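Each remark here refers to the structure printed beneath this line.
In my numbering, the protein residues as written are 109 to 569.
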């Protein structure tokens with residue numbers, strides 16, 4: 109059924125066909141499989157606990173792959189502890205605060221999590237520790253520092269409970285995602301592939317994390333509110349308290365109108381981070397680092413657009429509010445330079461603007477929503493005006509390679525009325541046959557090989 113749906117989607121959206129094929133290829137053949145047992149486990153579990161992040165992490169420059177992979181797994185393990193509502197607060201709080209000390213303890217493992225892959229990650233955590241201890245002292249220090257800050261922030265909110273204000277909500281998102289942006293910026297700079305100016309823009313790094321985290325919190329309402337033995341509630345009372353006495357009331361279809369108003373206010377709040385994400389992205393110098401950061405941000409905006417005014421958020425399941433596979437693939441393989449990123453953000457902003465004017469013109473927060481969208485559009489249009497579009501140059505090169513290879517095969521086999529190898533001596537004709545196949549295969553490979561974007565201009569603040 110899934111393949112049939114994909115086939116229909118491909119016919120309706122032919123521009124997504126090649127990106128989907130490339131994503132399938134990356135999923136099957138692009139996975140890193142180290143011979144070392146512990147590193148092998150880390151990359152295997154990475155692909156299981158996060159498919160989208162796994163792809164971009166494994167495409168990072170060699171000196172960044174292990175640090176970022178381990179950074180992600182350490183924080184995924186910490187997040188699994190926080191999310192496990194079966195762990196009593198009296199146990200969870202000290203565990204979260206002390207988790208940064210556990211990451212260098214070769215004997216540490218525990219049972220936690222609500223999914224088999226998360227359970228396996230924590231059960232075999234000594235393998236992650238083993239690879240962590242092989243990183244440079246500077247990398248270990250940065251990962252431990254971010255883990256400490258995140259764990260303490262999570263512990264504070266286990267004690268506080270539901271965020272009361274939007275400020276509390278921002279602070280929570282800072283602890284669980286904003287500090288991740290800071291840590292990644294530090295690792296990028298430490299690798300020597302990124303100038304130190306990136307770490308001096310901590311506020312922009314924070315916005316990157318908040319944009320992703322708020323999108324996830326909005327999308328995951330149904331899953332979080334139905335968590336057992338107790339719900340997880342991250343939406344701030346300042347927002348939902350205007351429309352309900354309890355956050356769980358939005359599940360009741362009788363409260364649909366109120367639920368939609370609250371949902372749109374949450375999406376509007378998340379949109380205020382988008383312009384700052386564009387500013388951060390314009391500062392990244394290495395093409396592979398750019399891809400690693402741009403793809404999640406672009407997909408987040410796409411997902412946020414799906415969430416807007418979508419009551420499925422409250423009825424579930426989470427998979428119902430998800431970008432189509434073809435859309436995901438297209439965003440993954442076209443978000444490789446600032447021109448493309450501006451174009452994607454502009455496209456999402458314009459479509460949302462139309463919906464605001466047609467679907468939600470009476471919504472209480474629509475004026476603020478439109479203000480944020482206008483800022484995003486202005487930033488994108490200004491960026492597009494001063495950024496070179498190298499998409500055509502790349503496509504032209506690939507078409508040239510494919511055409512050249514095809515022509516060579518045609519010449520070899522006398523498909524055209526040209527003098528070809530049929531007039532050559534037998535031993536040369538056989539050689540020409542194999543050369544023809546090789547050149548044609550190379551041309552196909554050039555057409556499908558992932559592109560490397562050109563350096564991006566700096567976006568002035």
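Backbone N, C-alpha and C fix where the C-beta goes; we use that ideal spot for every residue, glycine too. Owing to the predicted nature of the structure, the values given are computational and were not obtained by experimental measurement.
Item: Exposed or buried, what is residue 247 when buried is set at 16 or more other beta-carbons lying within 10 Å of its beta-carbon?; Value: buried
Item: Quick check on the DSSP output: what are the complete alpha helix (DSSP H) runs of length 4 or more inside the region 338 to 381, in order along the chain?; Value: 345 to 348, 364 to 379
Item: Is residue 486 near the ligand PLP, in the sense that its beta carbon is under 7 Å from a heavy atom of that ligand?; Value: What this structure holds is no ligand at all, so the ligand PLP is not there to describe.
Item: Considering only the alpha carbon of each residue, which of 378, 162, 458, 355 lies closest to residue 320?; Value: 378
Item: Which term fits residue 462, buried or exposed, when burial requires 16 or more other beta carbons within 10 angstroms of its beta carbon?; Value: exposed
Item: So residue 211 and residue 302 are in contact, right, with Cβ under 8 Å, and what is the actual spacing, rounded?; Value: Their Cβ separation, rounded to whole angstroms, is 24 Å, which puts residue 211 and residue 302 out of contact at 8 Å.
Item: Across the region 152 to 163 and the region 245 to 259, are there enough close Cβ pairs to call them in contact, namely three or more that are closer than 8 Å?; Value: no
Item: Buried or exposed for residue 145, please, with buried defined as at least 16 other CB atoms from any protein chain shown within 10 angstroms of its CB.; Value: exposed
Item: Helix, strand or coil for residue 333? Go by DSSP, reduced to three states.; Value: helix
Item: Around the Cβ of residue 466, are there at least 16 other Cβ atoms within 10 angstroms (buried) or fewer (exposed)?; Value: exposed
Item: Going by alpha carbons, who is nearest to residue 260 out of 473, 282, 407, 218?; Value: 282
Item: Just tell me which of 428, 488, 471, 470 has its CA closest to the CA of residue 456.; Value: 488
Item: Just the Cα atoms here: how many angstroms apart are residue 254 and residue 478?; Value: 35 Å
Item: Would you tell me roughly how many angstroms separate the C-alpha atoms of residue 464 and residue 202, rounded to the nearest one?; Value: 45 Å
Item: Tell me the DSSP secondary structure of residue 524 in three-state form.; Value: Summary for residue 524: the model assigns pLDDT 48, below 50, so the residue's position carries little reliability; its value from the coordinates is reported in the next sentence. Three-state DSSP puts residue 524 in coil, outside helix and strand.
Item: Considering only the beta carbon of each residue, do residue 468 and residue 399 sit closer than 8 Å?; Value: no
Item: Run the CB neighbour count on residue 194, radius 10 Å, all protein chains shown included, and call it buried at 16 or more, exposed below.; Value: exposed
Item: Roughly how far, in whole angstroms, is the beta-carbon of residue 330 from the beta-carbon of residue 411, given that I think they are within contact range, below 8 Å?; Value: Their Cβ separation, rounded to whole angstroms, is 14 Å, which puts residue 330 and residue 411 out of contact at 8 Å.
Item: Exposed or buried, residue 387, counting other C-beta atoms within 10 Å across all chains shown (16 or more means buried)?; Value: buried
Item: Note down the Cα distance separating residue 357 from residue 241, rounded to an integer number of angstroms.; Value: 47 Å
Item: Mind checking residue 206: buried by the 16 CB within 10 Å criterion, or exposed?; Value: exposed
Item: Just to confirm my understanding: we take residue 148, look at its own chain, exclude 5 residues before and 5 after, and list those with CB closer than 8 Å. What are they?; Value: 141, 142
Item: CA-CA distance, residue 419 and residue 297?; Value: 42 Å
Item: Could you tell me the distance, in whole angstroms, from the CA atom of residue 288 to the CA atom of residue 280?; Value: 12 Å
Item: Return the residue from the list 446, 414, 425 that minimises the CA-CA distance to residue 432.; Value: 414
Item: Going by DSSP in three states, residue 144 sits in which element: helix, strand or coil?; Value: coil
Item: Check whether the region 334 to 351 and the region 363 to 373 are in contact - that is, three or more C-beta pairs closer than 8 Å.; Value: yes
Item: What three-state label does DSSP hand residue 574 in the structure shown?; Value: As shown, the chain starts at 109 and ends at 569. That puts residue 574 outside it, with no answer to give.
Item: Please report how far the alpha carbon of residue 587 lies from the alpha carbon of residue 310, in whole angstroms.; Value: Past the edges of the chain, shown from 109 to 569, lies residue 587, and the structure says nothing about it.
Item: Are the C-beta atoms of residue 156 and some chain D residue less than 8 Å apart?; Value: Of the protein chains in the structure, only one exists, and it is not chain D.
Item: What runs of the alpha helix (DSSP H), each 4 residues or longer, lie entirely inside the region 214 to 282?; Value: 224 to 231, 233 to 240, 245 to 268, 274 to 281
Item: Let me know if residue 160 comes out buried or exposed under the rule of 16 or more other beta-carbons within 10 Å of its beta-carbon.; Value: exposed
Item: Can you give me the Cβ contacts of residue 276 inside the same chain, cut-off strictly under 7 Å, excluding the 5 residues immediately before and after it?; Value: 344
Item: With 16 other CB atoms within 10 Å as the buried threshold, where does residue 526 fall?; Value: Interpretation of residue 526 is limited by its pLDDT of 49, a score under 50 that renders its predicted location unreliable; no figure is taken from the coordinates.
Item: The alpha helix (DSSP H) that contains residue 175, what's its start and end?; Value: 170 to 191
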